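One structure below.
Number of protein chains: 2
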Amino acid sequence: MNIGLDVMGGDFAPQNTVAGALLALSEISREDCIVLIGKEELIAAELAKNNANPSLFKIVNATQVIEMSDKPLKAFQEKTNSSLSVGFRMLKSNDIDTIASAGNSGALGAGAMQSVHNIPGIIRPCAATTLARENGGYNLLLDIGATTDVKPDVMAQFGLIGSIYAQALLKIEHPRVCLLNIGTEDTKGNLQCQTAFRLMQDNKAYNFIGNLEPRSIFSNEADVFVTDGFVGNILLKQIETFYHLMVKRNYKDSFITNFNYELHGGSPILGVNAPVVLGHGISTPLAIKNMILLSKRMVDTHMTEKLKQAFSQYADNF
Amino acid sequence: MNIGLDVMGGDFAPQNTVAGALLALSEISREDCIVLIGKEELIAAELAKNNANPSLFKIVNATQVIEMSDKPLKAFQEKTNSSLSVGFRMLKSNDIDTIASAGNSGALGAGAMQSVHNIPGIIRPCAATTLARENGGYNLLLDIGATTDVKPDVMAQFGLIGSIYAQALLKIEHPRVCLLNIGTEDTKGNLQCQTAFRLMQDNKAYNFIGNLEPRSIFSNEADVFVTDGFVGNILLKQIETFYHLMVKRNYKDSFITNFNYELHGGSPILGVNAPVVLGHGISTPLAIKNMILLSKRMVDTHMTEKLKQAFSQYADNF
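Which chain is which? The protein sequence lines are A and B, in order.
Under my numbering, the first residue of the first sequence carries the number 1, and numbering increases by one thereafter.
Under my numbering, the first residue of the second sequence carries the number 319, and numbering increases by one thereafter.
This is the structure we're talking about:
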């Protein structure tokens, strides 16, 4: 497997990306290759700093960089020699099997849609994250920011995307899918949630169990929490805020530690025709390592094929 | 001052409401009277259980109860002898100066709008809460659920409502008003936030400082955080969830303790022509006490008059 890494993506690139790639090496097999995509002289310098042999990786030169402040689509289209543009061309031509980036998230999303395109039937892709349960195991939350404005039919599709992802990643046979809402009664929420609820309730493509409130996201009441990218992103950032509050207080336990984004590494962009993983802009080497491992897991679990199969099978449900 | 209390409102009414009213007595002056509105035989029984003299209160009989599961507007209009309906008639006729209820929040909102109506110029009322800052002091968050579907012009008004409330309650002369968003750049967020941002930026009625992310809500970067009632309610419920997580872990510090809803007692419904305070359905006696004290504070600080004056002065800004 060839795992593409956008070496230039992230607030602390290329230092943290190269350091993270080195960390990841010890957790992947020799058949798997990490492909470092970026400015080759900077990659070489970082490898030298770490006393690492360049032959541990495949290195692909890309002379341009998409900055965090660049307008996503414009940057992706105009900076044709950027690490992201080069990476997506390689992904499209199967020179790499997956790509991961902690860079400009909008550009990553735009690049995915422009190069490998949405899976047939999927209106909008979404980004998912795992949330540790208080008593062990994980829930899924999606969308956490791939799409900030969605219509209820898109949210209904997120239910199936989440269900397939929970089957593949969490090994849950019949994932319980809920709608994140401000009350548990069927008619609760804003108009968007009320309509999404009805679409999800009528949909037989997955196991919809109704509305749940934020207090349930760390419990074993559902497996998949569906929300729109704006609310999901607000919620995730709030969880991170809480983690940092507790770190400042030197409070540690294994559950609270799970709120550390570094352990998750990133979020897959689910719904495009190849595995794409988005990392946090502030990614540390540990986060980059976990982002690379998550990329690998997306390939290993055949997530793209599973989503294609599901949206083909349930084409009439949406 | 006459402070009306909906004795029948709340999951643990009338036990907790009467117990809370008794707790509040020691913190208000003899000139202030708590008016207990509800089924008089139940009120008498609760007072007897607490060995309390009925003459400590004014008791107003109301033979019906609006249940938590009742449809708000319908219940308010049809149950004309419910504690809430009786209470709002008294509020309208100035027999009480303020009303507080931990009951059906939709019915409280509907009752407020049907009886005392919105302040001229205010499109939709909102509910506000204080959030303790890590380093002392408080921020305001609004709307936390009075209105789940709002247009950007309503959010722009929340900015002025929050600014006036911060001046009155937090004694901040020029409150910094921000828009809660998923990024700090001017163009971030969903379409609603993008439009609200432009309206708020152009508005000279208050001091708008731009977008802030959830990580800033416990900091001293702004005084007022504006969001819609759906997102605000999700966020508040998430904060409560953290509080309960930490209580379970026996973790205590003065900052985390501030996440306890009981200390806040409730949220004022800002934007109607009289002080109305909404409490949490699960209110304990401590929460009820603080809800009563918050009601009193709404009257003492002349919040209604200040909002009227502001929306009259800045009528052309909206």
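C-beta: ideal position from N, C-alpha, C; glycine also.
Computed from a prediction, not measured in an experiment: that's the story for all the values here.
>> Which of the three DSSP states is assigned to Asn190(A) in this structure?
In response: As a first step, residue 190(A) is located in the first sequence; it is residue number 190 there, counting from the start. Note: Asn190(A) maps to coil in three-state DSSP.
> If you follow the beta strand (DSSP E) that Lys58(A) is part of, which residue opens it and which one closes it?
Replying inline: Against the first sequence, residue 58(A) aligns to sequence position 58. Secondary structure note for Lys58(A): its beta strand (DSSP E) is the uninterrupted segment Lys58 to Asn61.
>> Classify Ile282(A): buried if its beta carbon has 16 or more other beta carbons within 10 angstroms, exposed otherwise.
In response: For this step, residue 282(A) is matched to residue 282 along the first sequence. With a threshold of 16 other beta carbon atoms within 10 Å, Ile282(A) falls short and is exposed.
>> If contacts are defined as beta-carbon pairs under 8 angstroms, then His264(A) and Ala102(A) qualify, I think. What distance do you get, rounded to the angstrom?
In response: For the purposes of this step, residue 264(A) is taken as residue 264 along the first sequence, with counting starting at 1. For the purposes of this step, residue 102(A) is taken as residue 102 along the first sequence, with counting starting at 1. Under the criterion of beta carbons closer than 8 angstroms, His264(A) and Ala102(A) do not qualify as touching, at roughly 12 angstroms.
> Do the region 31-39 of chain A and the region 56-64 of chain A touch if we need at least three Cβ pairs shorter than 8 angstroms?
Replying inline: These segments touch.
> Using a Cβ cut-off of 7 angstroms, which residues of the region 60-79 of chain A contact any Cβ in chain B, in chain order?
Replying inline: Residues passing the 7 angstroms Cβ filter: none.
> At least one CB of chain A closer than 8 angstroms to the CB of Arg533(B): is that the case?
Replying inline: Indexing the second sequence from 1 puts residue 533(B) at position 215. Under the 8 angstroms criterion on CB atoms, Arg533(B) is classed as interfacial with respect to chain A.
>> Looking at the strands, I want to know which residues DSSP matches up with Pro586(B).
In response: Start at 1 with the first residue of the second sequence, and residue 586(B) comes out as number 268. Beta-bridge pairing links Pro586(B) to Val595(B).
> Between the region 126-148 of chain A and chain B, which residues of the former have a C-beta closer than 8 angstroms to a C-beta of the latter?
Replying inline: Against chain B - using a Cβ distance shorter than 8 angstroms - the residues of the region 126-148 of chain A are Glu134, Gly145 and Thr148.
>> Can you list, in chain order, the residues of its chain with a C-beta nearer than 7 angstroms to that of Glu452(B)? Leave out the 5 residues immediately preceding and following it.
In response: Position 134 of the second sequence, counting from 1, holds the residue named residue 452(B). The residues Phe536, Ser537 and Phe573, in chain order, have a CB closer than 7 angstroms to that of Glu452(B) in the same chain once the five nearest residues on each side in sequence are set aside.
> Quick one: what does DSSP say Tyr561(B) is sitting in, helix, strand or coil?
Replying inline: Residue 561(B) sits at position 243 when you count from the first residue of the second sequence. Tyr561(B): helix per DSSP, three-state reduction.
> Per DSSP, Ser101(A) is paired with what?
Replying inline: Translated into the one-based positions of the first sequence, residue 101(A) becomes position 101. According to DSSP, residue pairing for Ser101(A) in a beta bridge involves Leu278(A).
>> For Gly454(B), tell me which candidate among Glu539(B), Lys392(B) and Lys566(B) has the shortest Cα-Cα distance.
In response: Stepping through the second sequence from its first residue, residue 454(B) is reached at position 136. It is Glu539(B).
>> According to DSSP, is Val65(A) part of a helix, a strand, or is it coil?
In response: Against the first sequence, residue 65(A) aligns to sequence position 65. Three-state DSSP puts Val65(A) in coil, outside helix and strand.
> Roughly how many whole angstroms lie between the Cα atoms of Leu160(A) and Tyr261(A)?
Replying inline: Stepping through the first sequence from its first residue, residue 160(A) is reached at position 160. Stepping through the first sequence from its first residue, residue 261(A) is reached at position 261. Using only the alpha carbons, I get a separation of about 25 angstroms.
> Helix, strand or coil: how does DSSP classify Arg494(B) here?
Replying inline: By 1-based counting over the second sequence, the position of residue 494(B) is 176. The three-state secondary structure of Arg494(B), taken from DSSP, is strand.
> Taking Cβ-Cβ distances shorter than 7 angstroms, what residues in chain B pair up with Tyr251(A)?
Replying inline: Here residue 251(A) corresponds to residue number 251 of the first sequence, with the count starting at 1. Result: Tyr569.
> Taking Thr98(A) as the reference, which of Glu46(A), Leu191(A) and Val116(A) has the closest Cα?
Replying inline: Here residue 98(A) refers to the residue found at position 98 when the first sequence is read from its first residue. Here the closest residue by C-alpha is Val116(A).
> Ordered along the chain, which non-local residues of its own chain (more than five positions away) have a Cβ less than 8 angstroms from that of Ala322(A)?
Replying inline: Residue 322(A) is absent from the model: chain A starts at 1 and stops at 318.
> If you measure from the beta carbon of Asn233(A) to each beta carbon in chain B, is any gap under 8 angstroms?
Replying inline: Indexing the first sequence from 1 puts residue 233(A) at position 233. Among the CB atoms of chain B, one or more fall inside 8 angstroms of the CB of Asn233(A).
> So, is the C-beta of Phe560(B) closer than 8 angstroms to a C-beta in chain A?
Replying inline: Translated into the one-based positions of the second sequence, residue 560(B) becomes position 242. Under the 8 angstroms criterion on CB atoms, Phe560(B) is classed as interfacial with respect to chain A.
> Under 8 angstroms between C-beta atoms, does Gln519(B) make it to chain A?
Replying inline: Within the second sequence, numbered from 1, the residue matching residue 519(B) stands at position 201. Against chain A, the CB of Gln519(B) has no partner CB under 8 angstroms away; the residue lies outside that interface.
> Where does Glu46(A) land, buried or exposed, given buried means 16+ other C-beta within 10 angstroms?
Replying inline: As a position in the first sequence, residue 46(A) is number 46, starting the count at 1. Classification for Glu46(A): buried.
> Given that Lys555(B) touches chain A, what residues does it touch there, using C-beta distances under 8 angstroms?
Replying inline: By 1-based counting over the second sequence, the position of residue 555(B) is 237. Per Cβ cutoff of 8 angstroms: Ile182, Glu213, Pro214 and Arg215.
> Closer than 8 angstroms, CB to CB, is Asn508(B) near chain A or not?
Replying inline: Here residue 508(B) refers to the residue found at position 190 of the second sequence. Chain A contact via Cβ: present.
> Are Ala127(A) and Gly145(A) touching if we call contact CB-CB under 8 angstroms?
Replying inline: The residue you call residue 127(A) lines up with position 127 of the first sequence. The residue you call residue 145(A) lines up with position 145 of the first sequence. With respect to the 8 angstroms criterion, Ala127(A) and Gly145(A) are classified as neighbours on the basis of their beta carbons.
>> Using DSSP's beta-bridge definition, name the partner residues of Tyr456(B).
In response: Here residue 456(B) refers to the residue found at position 138 when the second sequence is read from its first residue. For Tyr456(B), the beta-bridge partners assigned by DSSP are Ala450(B).
> Since Asp324(B) is in the beta strand (DSSP E), which residue starts that stretch and which ends it?
Replying inline: Position 6 of the second sequence holds residue 324(B). Residue range Asn320 to Asp324 is occupied by the beta strand (DSSP E) that includes Asp324(B).
> Would you call Gln167(A) buried or exposed, if buried means 16 or more other Cβ atoms sit within 10 Å of its Cβ?
Replying inline: Mapped onto the first sequence, residue 167(A) falls at position 167. For Gln167(A), the number of other beta carbons within 10 angstroms of its own is at least 16, and it is reported as buried.
>> Measuring alpha carbon to alpha carbon, tell me which residue in His174(A), Ser105(A) and Val224(A) is nearest Met155(A).
In response: Taking the first residue of the first sequence as position 1, residue 155(A) is located at position 155. The candidate whose alpha carbon is nearest that of Met155(A) is Val224(A).
>> Measuring straight from C-alpha to C-alpha, what distance separates Ile164(A) and Met386(B)?
In response: Taking the first sequence and counting its residues from 1, the one referred to as residue 164(A) is at position 164. Taking the second sequence and counting its residues from 1, the one referred to as residue 386(B) is at position 68. Taking the CA atoms as reference points, Ile164(A) sits about 37 angstroms from Met386(B).
> Along chain A, in chain order, which residues have C-beta atoms closer than 9 angstroms to that of Phe548(B)?
Replying inline: For the purposes of this step, residue 548(B) is identified with residue 230 of the second sequence, where counting begins at 1. At a beta-carbon threshold of 9 angstroms, the residues of chain A lying near Phe548(B) are Asn181, Ile182, Gly189, Asn190, Gln192, Cys193 and Val231, ordered along the chain.
> Which residues bound the alpha helix (DSSP H) around Val226(A)?
Replying inline: What you label residue 226(A) is simply residue 226 of the first sequence in a count that begins at 1. From DSSP, Val226(A) is part of no alpha helix (DSSP H) but of the beta strand (DSSP E) over Val224 to Val226.
> Under the rule that 16 or more other beta-carbon atoms within 10 Å means buried, what is Pro493(B), buried or exposed?
Replying inline: The sequence position of residue 493(B) within the second sequence is 175, counting from 1. Under this definition Pro493(B) is a buried residue.
> Straight-line CA distance for Ile123(A) to Thr147(A)?
Replying inline: As a first step, residue 123(A) is located in the first sequence; it is residue number 123 there, counting from the start. As a first step, residue 147(A) is located in the first sequence; it is residue number 147 there, counting from the start. Answer to the nearest angstrom: the Cα atoms are 11 angstroms apart.
> In the region 335-370 of chain B, which residue ranges form an unbroken alpha helix (DSSP H) of at least 4 residues, counting only runs that do not cross its ends?
Replying inline: The region 335-370 of chain B contains, as complete alpha helix (DSSP H) runs of 4+ residues, the segments 358-367 (chain order).
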